[in-house]
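Reading through the structure tokens given below for one structure.
Residue numbers (UniProt numbering): 1 to 278.
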């Protein structure tokens, strides 16, 4: 029983202390609110809220400790605490904030810029194209045709001789022609050209290199076809071909004899010697 009475005394003591603390805090709050004045400076009002401190029960019910002879203890019921009514909070009037009316700023509209009127381009005057005058028809004056000179027999013979395939002999220099010489000279030239072609050789060195060219050979023969003199009138540009041309006239003599229709003791020829792969 002594334990139960001690627990009850402790609980009563804690309850009294809690009530005194609550009253002290409440009185302090009332004093602060009574002396409080709103600040004079403009601005939003300050709201002060007071909250009551919740008292946590620190008093724990003491458990009954069974004695050696005690088997069941009565439940200890704590005394009900007196409810403390907090003082009413003062009503704080909130000052309504007055917003100034919006001031509309004047909007200046710029004057429209005048657009210059499009001036149509001046038409370009067309130039008058003068048509050329047609020339007066003139009578055509026919020029008298000059008389064509008769072709001498020598020119006919030379022209016929140049129509050969590879080499052509020129007209022999001195000599007198008898009757029937117009046909005898071309025939003799053809025989000499054919004779030179049969004795012409293509150098192996030039063939291996694919060299071609045309050399001109000038020579003089008697009526029997013997070579009296010879020389290289024009080079072919290839030394081996030039050497073969000089050796050709010596290797081919005697040349065909002069026909009996031709008179003269010596005849000169200039013959082009052609070297090609055709």
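Even for Gly, the Cβ is constructed at its ideal location relative to N, Cα and C.
Select from the options the residue whose C-alpha is nearest the C-alpha of residue i.
i	options	result
residue 219	269, 256 and 24	269
residue 240	206, 30 and 27	206
residue 227	209, 12 and 192	192
What residues are listed by DSSP as bridge partners for residue i?
i	result
residue 213	275
residue 218	231 and 270
Apart from the five residues just before and just after residue i, which ones in its own chain have a Cβ nearer than 8 Å to its Cβ?
i	result
residue 199	248, 251 and 252
residue 151	For residue 151, the predicted model reports a pLDDT of 42, less than 50, meaning its position is unreliable and no value from the coordinates is stated.
residue 242	215, 232, 235 and 236
residue 281	Any property of residue 281 remains undetermined from this structure, which presents the chain solely from 1 to 278.
residue 208	none
Excluding sequence positions up to five away, which residues of its chain have a Cβ less than 7 Å from the Cβ of residue i?
i	result
residue 20	none
residue 234	215 and 216
residue 202	275
residue 204	none
residue 31	none
Check the C-beta distance from residue i over to residue j and give it rounded, since I have them as a contact under 8 Å.
i	j	result
residue 225	residue 255	4 Å
residue 221	residue 267	6 Å
Which residues in the same chain as residue i place their Cβ atom closer than 6 Å to its Cβ, once the five residues preceding and following it in sequence are excluded?
i	result
residue 258	223
residue 211	238
residue 229	220
residue 188	259
residue 12	none
Would you say residue i touches the ligand GDP, meaning its beta carbon is less than 8 Å from a heavy atom?
i	result
residue 270	Only the bare structure without any ligand can be found here, which leaves the ligand GDP out of the picture.
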